[in-house]
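All residue numbers for the sequence shown refer to our numbering, where the first residue is 430 and numbers rise by one.
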Amino acid sequence: MAALEHDDGEALDPNIAEHATRLIKLKCNALLLFKPDCEADDGSYIVMIKNVKRFQLIIKHASCGMSFRQIAAAIGHTRDVMSIGKLSGVSDHLVGQYVRVLVGVALTKIGVLSSDDVWAFSITFDGSTHRDTTFFDVRIRISVKGILYNFHLIAMPHFGRHTADLQVKMLVMLLGALCVSWADKLIGVATDGERTNMGHITDIQKQLVDLATHDVTQVNCVNHQADLVVQASVELINGGNFIAKVYEVTVYLRKQNTLITEMGVASPKKTNRWAALNNVLQFDIKYKRQIIAFLDERHKQRGVAVPPVLSETWWVQVFAVAPGLELVHKMFCELQARLLFICQQRAYVNKFAVDLQMVYELRHIDIDAECRDLDALDYFQRFNWFVTFESFELFVRNQGSRAEGHFDALDDSAQRDILTSIGMFAMNIVQGIINIQAERNSCNEPADKEAPPVMPSDLVRVQLSCSSATSCSCAMCT
Numbered sequence: 430m431a432a433l434e435h436d437d438g439e440a441l442d443p444n445i446a447e448h449a450t451r452l453i454k455l456k457c458n459a460l461l462l463f464k465p466d467c468e469a470d471d472g473s474y475i476v477m478i479k480n481v482k483r484f485q486l487i488i489k490h491a492s493c494g495m496s497f498r499q500i501a502a503a504i505g506h507t508r509d510v511m512s513i514g515k516l517s518g519v520s521d522h523l524v525g526q527y528v529r530v531l532v533g534v535a536l537t538k539i540g541v542l543s544s545d546d547v548w549a550f551s552i553t554f555d556g557s558t559h560r561d562t563t564f565f566d567v568r569i570r571i572s573v574k575g576i577l578y579n580f581h582l583i584a585m586p587h588f589g590r591h592t593a594d595l596q597v598k599m600l601v602m603l604l605g606a607l608c609v610s611w612a613d614k615l616i617g618v619a620t621d622g623e624r625t626n627m628g629h630i631t632d633i634q635k636q637l638v639d640l641a642t643h644d645v646t647q648v649n650c651v652n653h654q655a656d657l658v659v660q661a662s663v664e665l666i667n668g669g670n671f672i673a674k675v676y677e678v679t680v681y682l683r684k685q686n687t688l689i690t691e692m693g694v695a696s697p698k699k700t701n702r703w704a705a706l707n708n709v710l711q712f713d714i715k716y717k718r719q720i721i722a723f724l725d726e727r728h729k730q731r732g733v734a735v736p737p738v739l740s741e742t743w744w745v746q747v748f749a750v751a752p753g754l755e756l757v758h759k760m761f762c763e764l765q766a767r768l769l770f771i772c773q774q775r776a777y778v779n780k781f782a783v784d785l786q787m788v789y790e791l792r793h794i795d796i797d798a799e800c801r802d803l804d805a806l807d808y809f810q811r812f813n814w815f816v817t818f819e820s821f822e823l824f825v826r827n828q829g830s831r832a833e834g835h836f837d838a839l840d841d842s843a844q845r846d847i848l849t850s851i852g853m854f855a856m857n858i859v860q861g862i863i864n865i866q867a868e869r870n871s872c873n874e875p876a877d878k879e880a881p882p883v884m885p886s887d888l889v890r891v892q893l894s895c896s897s898a899t900s901c902s903c904a905m906c907t
């Protein structure tokens with residue numbers, strides 16, 4: 430409900446007075462079923478559900494991911510067909526009230542758990558939009574009796590301005606309602622790299638860290654960092670013309686109903702996640718013959734939108750970039766495991782960096798001194814990586830006869846340019862993934878101190894055992 434509050438002392442614009450009144454009414458209706466518990470003096474509420482079977486059926490439908498209107502319609506159809514009078518009176522408004530009851534019970538249990546059985550927890554948050562409504566999404570990770578739990582705490586509607594101060598106010602009110610001593614138990618805060626969430630002056634993460642009693646491990650989502658690496662690397666190819674052509678082709682193919690009907694599948698949509706680019710390139714490679722035939726036919730027709738022209742250079746780039754993005758897509762999927770520790774993420778990231786290096790046959794200057802004996806025209810270099818034109822040409826030819834045919838159709842100058850462009854992409858993405866680090870400092874830069882590879886409870890046992898010894902030289906104490 431903190432999302433429905435306004436900043437203290439802020440006057441409402443007359444133009445939005447009607448909207449504010451509607452929000453106040455919504456706030457009252459949201460708590461219609463909640464009644465103060467007269468027998469308790471702790472400010473708790475009780476909810477009386479008279480038709481239990483109807484309540485249970487509504488919650489079961491909600492657990493399947495159905496919307497409120499779908500639930501109301503499904504139960505209404507069941508009532509009409511089965512002639513069950515006890516299922517009458519179900520509307521999307523009633524479904525919303527019952528779901529709020531379930532959310533309230535879940536928050537109460539999590540609050541009791543975090544207050545009594547947990548001495549430390551970490552939180553992560555992000556903003557999202559669903560059906561034109563902005564939500565502030567919050568998750569909490571706690572360890573109870575040696576078992577790590579990852580709970581989706583709440584998705585709070587956010588009607589106000591998306592400023593860091595307002596979002597911190599919402600988050601502090603939520604945490605204070607769940608656990609009064611949350612500042613004493615907060616040991617980790619994780620978010621993506623968005624400036625409002627994780628800047629270095631007055632962002633949400635910094636303000637929460639300042640409110641915490643103890644040192645807090647700040648984490649920047651590894652997947653979001655990898656996403657930015659992919660974006661920066663892909664845009665290096667042919668000065669950004671390659672990715673622009675990928676978008677153009679995808680948008681055009683998704684509008685061709687005739688082609689979609691013939692192939693039985695539509696081109697994947699390029700989302701704001703750059704890892705999804707792998708799906709687009711794999712589609713272009715798989716249906717290359719049908720795509721080229723369709724575009725050639727459209728070029729001959731008059732009175733139709735001019736289709737994109739796919740050059741030999743562009744196809745070579747598609748075949749050469751796809752193997753790297755396929756590995757990155759695999760890394761994204763494995764890093765999304767809910768019970769993955771930060772130390773395990775580091776191992777995954779390093780493994781995929783090595784795999785990418787092997788795929789593109791990159792060599793490190795400090796390890797392989799051969800580049801010192803090579804002519805400057807025989808290899809190209811970026812950061813501390815280098816690769817010879819000969820080995821990289823072999824990599825392109827190894828992508829199959831189709832890639833080799835497009836490559837041979839280019840002259841020597843064009844072949845050298847395309848090898849250089851793709852090589853820069855490969856070196857940039859490998860170095861970018863190597864530089865990824867989840868732990869950040871107050872300036873949103875890689876932290877010097879990494880998160881420990883153990884559970885918080887294990888740290889306490891280690892500290893207690895070390896303090897009771899006469900002398901100790903373990904890394905934790907030194």
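Every residue, glycine too, gets a C-beta built ideally from N, C-alpha and C.
For this session: Report the partner residues of I569 according to the DSSP bridge assignment.
Result: Beta-bridge analysis with DSSP links I569 to I552 and F580.
Exercise. Around the Cβ of P737, are there at least 16 other Cβ atoms within 10 angstroms (buried) or fewer (exposed)?
Worked result: That one is buried.
Exercise. Which residues share a DSSP beta bridge with W412?
Worked result: Any property of residue 412 remains undetermined from this structure, which presents the chain solely from 430 to 907.
Exercise. Candidates L839, K699, I504 and G693: which alpha carbon is nearest R720's?
Worked result: With the sequence shown as reference, residue 720 is identified as Ile, and Arg is not the correct amino acid for it. Distance check between I720 and each of L839, K699, I504 and G693 places G693 closest, using alpha-carbon atoms only.
Exercise. Just the Cα atoms here: how many angstroms apart are Q596 and L536?
Worked result: In a straight line, the C-alpha of Q596 is about 19 angstroms away from that of L536.
Problem set entry | Beta-carbon gap between D908 and S740 smaller than 9 angstroms | Because the chain in this structure spans residues 430 to 907, residue 908 falls outside the shown range and cannot be described.
Exercise. For N707, is the classification buried or exposed, using 16 other Cβ atoms within 10 angstroms of its Cβ as the cut-off for buried?
Worked result: Buried: at least 16 other Cβ atoms inside 10 Å.
For this session: Check whether the Cβ atoms of A501 and L486 sit closer than 9 angstroms, and answer yes or no.
Result: For A501 and L486, no; Cβs fall outside 9 angstroms.
Problem set entry | Beta-carbon proximity list for E664, same chain, < 8 angstroms, skipping 5 on both sides | Closer than 8 angstroms at the Cβ level, and outside the excluded window around E664, lie I672.
Problem set entry | The beta strand (DSSP E) enclosing F815, as first and last residue numbers | Here the beta strand (DSSP E) through F815 covers W814 to T817.
For this session: Mind checking which residues open and close the beta strand (DSSP E) that includes G525?
Result: G525 -> not in any beta strand (DSSP E); alpha helix (DSSP H) instead, spanning D521 to D545.
Problem set entry | H490 - partner residues in DSSP beta bridges | DSSP lists no partner for H490.
Exercise. Is it right to say C608 is buried, meaning 16 or more other beta carbons lie within 10 angstroms of its own, or is it exposed?
Worked result: Answer is buried; the Cβ neighbour count reaches 16.
Exercise. Do L582 and I633 have their C-beta atoms closer together than 9 angstroms?
Worked result: No, the pair does not count as a contact, with Cβ atoms beyond the cut-off.
Problem set entry | N- and C-terminal bounds of the beta strand (DSSP E) containing G617 | Secondary structure note for G617: its beta strand (DSSP E) is the uninterrupted segment L615 to T620.
Exercise. In whole angstroms, what separates the C-alpha of Q844 from that of H653?
Worked result: In this structure, the straight-line span from the alpha carbon of Q844 to that of H653 is close to 33 angstroms.
Exercise. Does the separation of the CB atoms of V547 and V573 fall below 9 angstroms?
Worked result: It is a contact, given that the beta carbons lie within the stated cut-off.
Exercise. For H793, does the three-state DSSP call read helix, strand or coil?
Worked result: DSSP places H793 in strand when its eight states are reduced to three.
For this session: Classify G438 as buried or exposed, calling it buried when 16 or more other Cβ atoms lie within 10 Å of its own Cβ.
Result: Low confidence applies to G438: its pLDDT is 44, below 50, so where it sits in the model is not reliable, and the reading given next is rough at best. Exposed, because fewer than 16 other Cβ atoms sit within 10 Å of the Cβ of G438.
For this session: Compute the distance between the beta-carbons of A584 and V528, then report whether it is under 9 angstroms.
Result: No, Cβ-Cβ distance for A584 and V528 is not below 9 angstroms.
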